[in-house]
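Asker: Numbering (the numbering used here), first residue to last: 161 to 297.
Ideal Cβ placement from N, Cα and C applies to all residues, glycine included.
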Amino acid sequence: MFAAYDMELDKLIGSFAAKKNWTTFLPFLKYLRRRYRRGETLHIVLDNARYHLKAEVQQYAATHNIRFYWTPTNASWLNRIECHLTTLHKFALDNTDYRSHDEQQAAIESYLDWRNGDRPLDILDWESYYWQIEKTG
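#1: Do L202 and N211 come within 8 Å of each other at the CB atom, strictly closer than that value?
#2: Classify A252: buried if its beta carbon has 16 or more other beta carbons within 10 angstroms, exposed otherwise.
#3: Check whether chain B comes within 8 Å of S236, counting only Cβ atoms and requiring the distance to be less than that.
#4: Figure out for me which residue from C243, L213, W182, A215 has the closest Cα to the Cα of M167.
#5: For a test of the three-state rule: what should DSSP assign to R198, helix, strand or coil?
#6: I need the boundaries of the alpha helix (DSSP H) containing W274, first residue and last residue.
#7: Determine the DSSP secondary structure at R227, reduced to helix, strand or coil.
#8: Using C-beta distances below 6 Å, list every residue in its chain close to I173, excluding the 5 sequence neighbours before and after it, in chain order.
#9: Decide if Y191 is buried, meaning its Cβ has at least 16 other Cβ atoms within 10 Å, or exposed.
#10: Does DSSP classify Y220 as helix, strand or coil?
#11: For Y271, count neighbouring Cβ atoms within 10 angstroms of its own Cβ and tell me buried if that reaches 16, exposed if not.
#12: Which of the three DSSP states, helix, strand or coil, is assigned to F162?
#13: Count the other C-beta atoms from every protein chain shown that fall within 10 angstroms of the C-beta of L238, then say buried if there are 16 or more, exposed otherwise.
#14: Anyone know if the C-beta pair for F185 and V205 falls short of 8 Å?
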């Protein structure tokens, strides 16, 4: 999963791909670019994954008003998104036994819908919401 955190709107954005490489990261970057006005600079904090450094990714960023900031090696906790991904993990993945990646993806997407809505961030509210979604199908 690729993820982005909009600090201004307090929204967590996720996109799923079978593999993490530059050919799957670039479409995610393009998706993020389309979400915001062209004249607005996107400021994106990245870890040091090799595919972030690919020339095609760098070229796209340079020509589409995107600025990258790199976390130091072994310091991913400096990236503001990490605390939100920890919460996602607790709410949607801990103590689970999904039968497939599709089932796991559906749970994560359900969490993102819930998290980005106007709901108090409470484990009991999430569990109630999740089981309601499960029952309806």
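Answerer: The answer reads as follows:
#1: The question names Asn, yet the displayed sequence has Tyr at residue 211. Against a cut-off of 8 Å, the Cβ pair of L202 and Y211 comes out as no contact.
#2: buried
#3: Absent from the structure: chain B. Only one protein chain is present.
#4: C243
#5: coil
#6: 261-276
#7: strand
#8: A164
#9: Y191 counts as exposed, since fewer than 16 other beta carbons sit within 10 angstroms of its beta carbon.
#10: It is helical.
#11: buried
#12: F162 falls in the strand class under three-state DSSP.
#13: exposed
#14: no
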